[in-house]
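Protein chains in written order, with my numbering: chain A, 1 to 445; chain B, 446 to 890.
As structure tokens, this is what we get:
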């Protein structure tokens with residue numbers, strides 16, 4: 001690229017939001033990306049760096065001399081900085097350390113100390129504090145003084161000398177108040193907070209429930225040690241929901257997730273094989289059941305023809321009921337104690353479904369098997385009737401199993417998402433075959 | 446409840462966040478709930494009212510005289526107010542109207558005019574504006590003057606005389622700036638925005654992508670007409686994801702969603718029956734395929750015994766690949782143009798899966814069917830081998846179909862979520878049976 005084009009590109013990029021610059025840089029070769037990056041102010045360089053994918057960050061880190069990188073590093077949001085630090089090898093960490101100020105060094109080490117699935121693991125320390133005895137104008141003065149660009153100032157936290165959280169004021173309220181008023185007059189003393197060891201999903205749900213911009217995080221001494229902001233909460237919720245769907249489909253969820261195309265084949269394989277093998281192994285039971293009825297199948301091949309219909313319909317009905325129950329569980333609307341209510345509800349819903357699907361099954365058998373040879377003692381409509389009844393019973397039992405199984409797993413402390421679609425399908429296959437052949441050997445033999 | 450207890454309850458409630466008060470009120474009989482509500486300031490009453498479920502809001506609305514209700518109504522956030530207004534009957538709307546100020550009346554009518562799945566339908570008008578030529582202190586003065594409690598002041602929008610959006614400043618930057626500076630000196634002129642007719646999910650995704658607290662909404666003349674805030678975006682994303690999961694499981698998604706237990710049986714039924722019947726009807730094809738092979742089944746009943754294994758394994762493998770592709774599509778990582786890459790990737794992954802599952806299938810057949818009588822010209826290990834090969838081919842074809850079908854549906858302008866689990870299962874059942882019996886009649890007859 002010529003110098004002129006470069007100037008143009010730079011002028012263009014400097015007006016774009018950080019995430020878009022990051023997206024543009026991804027397409028560039030690392031040295032070129034670095035050159036583009038260097039036209040920005042340090043603060044903007046940090047914002048762009050944070051928005052790059054991990055692989056690109058690593059490339060740039062390796063190219064940059066550590067003194068220069070430390071300048072970008074210091075401007076990164078504290079949580080992203082700690083995450084990046086943790087992604088480095090011990091040697092790389094040691095190479096970077098000498099160029100960091102003591103405060104940054106301590107901050108990085110502190111934030112790296114918490115497990116990443118806790119509030120401590122996703123919090124940042126970019127918040128501002130004031131004291132209770134300040135006036136509004138003193139408070140604003142303090143905020144002006146120690147609020148460099150990166151800080152979240154939507155809420156300003158009020159702490160005592162021991163850093164205990166006393167309450168908060170919003171910047172808005174501070175601005176709207178009279179300068180001579182006391183902070184204590186405009187203080188909110190009732191605040192929502194999380195503890196540093198809380199699960200990160202709980203923290204995200206609190207932010208969602210109370211519509212917060214950020215939530216203060218306290219340590220075991222009730223000292224304010226960090227905040228989690230709404231955009232991090234959104235990331236957590238987004239990640240959680242996509243993981244849930246994967247679990248539901250029998251895909252093992254890993255900690256670090258790259259995109260579909262980036263993830264190597266071997267990794268995809270290892271995430272999928274576990275459940276597939278487990279379910280296939282479990283399927284031995286349906287093989288055993290069928291094995292019992294080989295004689296019956298031999299006599300009435302027509303029964304084999306409708307086995308897929310039985311399996312599909314049962315699996316679909318069970319998947320539906322398990323999905324709605326898992327969703328109701330995850331928003332906390334349904335609890336284990338509701339199991340009887342849920343069962344009654346599913347029994348009513350599925351009876352209606354069963355009637356429709358039974359009639360359809362009867363029509364299907366009568367239509368498709370009209371040419372099939374049957375033993376002389378059986379009429380086609382009688383066989384169709386028995387199959388339709390079996391399908392109906394299968395729909396009802398699958399719906400009830402699909403609803404009660406997640407409740408039970410939840411009750412036992414497990415994750416209800418794992419007994420969704422594929423697991424339910426495999427389980428109701430077994431009950432379905434037992435119903436089908438049980439009924440057939442009773443009524444058709 | 447005695448008066449003394451009431452006082453206590455009220456004292457307790459007044460310290461709680463609105464959403465918790467709303468949760469507490471739900472348990473109370475409407476008249477009692479009203480009495481509790483009346484101890485709050487009008488502003489707090491509005492916050493609590495907004496957090497009540499629709500049914501409870503209706504009850505309270507019917508109990509309250511319209512003059513008193515209009516006071517609560519005026520304090521509600523503008524978007525929630527318009528939503529509630531739309532939920533009223535024409536008679537109720539007419540009864541409320543005379544008690545509203547002209548400004549509120551116009552605001553409600555304006556916000557009610559947009560389809561609820563667009564930016565206009567979820568936006569609110571609780572934002573503050575300043576002019577470009579103001580100084581920082583004049584701007585702060587204006588914000589102080591016309592910012593009653595409900596306004597979002599995180600961003601303050603800068604507009605010209607025709608209400609065209611020129612840029613924005615953050616309250617933080619305004620507070621940190623020198624009072625004598627000009628607004629134009631601290632202005633951000635590059636802003637992310639949405640148009641009023643944009644899909645609400647796109648708006649929510651912009652807020653998520655750019656980590657915004659709110660996004661300005663422009664009309665066709667580029668005038669600033671509203672904002673959508675981060676908590677509303679979170680609601681949209683949450684709703685979207687739960688709807689996606691329902692779609693994936695073949696549950697029809699309705700506009701207004703009540704909880705699982707609240708939703709009447711009939712409504713659950715109507716949401717589930719459509720796909721179940723459609724899939725069952727589509728299943729006629731697998732019936733037709735099987736019908737073709739009745740002779741073969743008659744001769745080799747052992748084939749029937751392993752049909753469920755074939756169907757389950759194929760369905761599970763197909764569900765997995767469709768899930769990961771649907772997720773990659775929804776975050777925009779994969780596009781239709783990647784189809785060849787996706788196909789190659791799934792071919793490699795599924796070949797590895799196929800080898801494992803094929804070996805497992807061979808072992809299963811050899812173990813379970815050791816006692817089965819076979820025609821004298823066939824050995825058990827040969828039959829097991831053929832079944833294992835069929836299962837392997839089924840895993841590969843299901844994975845590829847599961848991955849390519851959502852891509853195709855997306856390309857055709859449809860929603861890829863509808864061709865997930867149940868649909869894929871039904872489709873790969875058909876291809877699976879064709880592979881299975883095709884291979885069997887070629888190698889075993």
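Idealized CB from N, CA, C, for every residue including glycine.
C-beta contact flag for residue i and residue j at 7 Å
i, j, result
"residue 191(A)", "residue 167(A)", "yes"
"residue 638(B)", "residue 619(B)", "no"
"residue 441(B)", "residue 865(B)", "With chain B represented from 446 up to 890, any question about residue 441(B) goes unanswered, as that position is not in the structure."
"residue 348(A)", "residue 406(A)", "no"
"residue 183(A)", "residue 134(A)", "yes"
"residue 395(A)", "residue 337(A)", "no"
"residue 236(A)", "residue 205(A)", "no"
"residue 301(A)", "residue 743(B)", "yes"
"residue 66(A)", "residue 40(A)", "no"
"residue 196(A)", "residue 230(A)", "no"
"residue 399(B)", "residue 610(B)", "This structure leaves residue 399(B) out entirely; chain B is present only between 446 and 890."
"residue 496(B)", "residue 472(B)", "no"
"residue 198(A)", "residue 122(A)", "no"
"residue 317(A)", "residue 398(A)", "yes"
"residue 487(A)", "residue 112(A)", "Past the edges of chain A, shown from 1 to 445, lies residue 487(A), and the structure says nothing about it."
"residue 607(B)", "residue 241(A)", "no"
"residue 888(B)", "residue 831(B)", "yes"
"residue 479(B)", "residue 508(B)", "yes"
"residue 779(B)", "residue 260(A)", "yes"
"residue 72(A)", "residue 45(A)", "yes"
"residue 329(A)", "residue 209(A)", "no"
Under 8 Å by beta carbon: chain B residues contacting residue i
i, result
"residue 269(A)", "794, 797, 798"
"residue 309(A)", "725, 728, 731, 732"
"residue 333(A)", "704, 705, 706"
Chain A contact residues for residue i, given Cβ-Cβ distances below 9 Å
i, result
"residue 666(B)", "Ordered by position in chain A, no residue passes the 9 Å Cβ test against residue 666(B), which lies about 24 Å from the chain."
"residue 543(B)", "Under the 9 Å cutoff, chain A gives no residues; its nearest Cβ is about 32 Å from residue 543(B)."
"residue 886(B)", "Here the premise fails: no neighbours, minimum Cβ distance about 15 Å."
"residue 487(B)", "Going along chain A, no residue has its Cβ under 9 Å from residue 487(B), so there is no contact; the nearest lies around 18 Å."
"residue 679(B)", "207, 208, 211, 230, 233, 234, 237"
Closer than 7 Å at the beta carbon, the chain A residues around residue i
i, result
"residue 695(B)", "316, 320"
"residue 739(B)", "301, 305, 372"
Contacts of residue i in chain B (Cβ-Cβ under 7 Å)
i, result
"residue 426(A)", "757"
"residue 323(A)", "690, 691, 694, 696"
"residue 185(A)", "The premise fails here: residue 185(A) is roughly 16 Å from chain B at the closest Cβ pair, so nothing lies under 7 Å."
"residue 67(A)", "Result: empty, since nearest Cβ-Cβ is about 29 Å, beyond 7 Å."
"residue 241(A)", "686"
"residue 202(A)", "In chain order: nothing, as chain B lies at least about 16 Å away."
Rounded distance between the beta-carbons of residue j and residue i, thought under 8 Å
i, j, result
"residue 250(A)", "residue 423(A)", "7 Å"
"residue 616(B)", "residue 171(A)", "6 Å"
"residue 871(B)", "residue 727(B)", "6 Å"
"residue 280(A)", "residue 482(B)", "The Cβ separation is near 58 Å, so there is no contact."
"residue 156(A)", "residue 136(A)", "Going by Cβ atoms, the distance from residue 156(A) to residue 136(A) rounds to 11 Å, so no, they are not a contact pair."
"residue 308(A)", "residue 878(B)", "7 Å"
Within chain A, partners of residue i - CB distance below 8 Å
i, result
"residue 783(B)", "261"
"residue 773(B)", "259, 260, 261"
"residue 710(B)", "345, 348, 349, 352"
"residue 462(B)", "190, 192, 210"
Chain B contact residues for residue i, given Cβ-Cβ distances below 9 Å
i, result
"residue 291(A)", "750, 813, 814, 816, 817"
"residue 422(A)", "757, 760, 761, 764, 765, 866"
### Query
Does the stretch 72-87 of chain A come close enough to the stretch 105-117 of chain A that 3 or more CB-CB pairs lie under 8 Å?
As far as the Cβ criterion goes, the stretch 105-117 of chain A touches the stretch 72-87 of chain A, which means the pair count is three or higher.
### Message
Does the contact criterion of 3 or more C-beta pairs under 8 Å hold for the stretch 375-390 of chain A versus the stretch 286-297 of chain A?
### Response
With the cut-off at 8 Å, the stretch 375-390 of chain A and the stretch 286-297 of chain A do not touch.
### Query
Does the stretch 687-700 of chain B come within contact of the stretch 829-837 of chain B, defined as at least 3 CB pairs closer than 8 Å?
These segments do not touch.
### Query
Using 8 Å as the Cβ pair cut-off and three pairs as the minimum, do the stretch 117-137 of chain A and the stretch 13-22 of chain A touch?
Taking 8 Å as the limit for Cβ pairs, the verdict is that the stretch 13-22 of chain A does not touch the stretch 117-137 of chain A.
### Message
Check whether the stretch 749-767 of chain B and the stretch 842-851 of chain B are in contact - that is, three or more C-beta pairs closer than 8 Å.
### Response
A contact exists between the stretch 749-767 of chain B and the stretch 842-851 of chain B.
### Secondary structure, beta strand (DSSP E): runs of 3+ residues fully inside the stretch 196-265 of chain A
Listed in chain order, they are 214-218, 224-229.
### Query
For the stretch 832-889 of chain B, which segments carrying the beta strand (DSSP E) assignment without a break, of at least 3 residues, lie completely within its bounds, in sequence order?
Within the stretch 832-889 of chain B, no beta strand (DSSP E) run of at least 3 residues lies entirely inside it.
#### Entry: Continuous beta strand (DSSP E) assignments of at least 3 residues falling wholly in the stretch 60-140 of chain A
Whole beta strand (DSSP E) segments, 3+ residues: 127-130.
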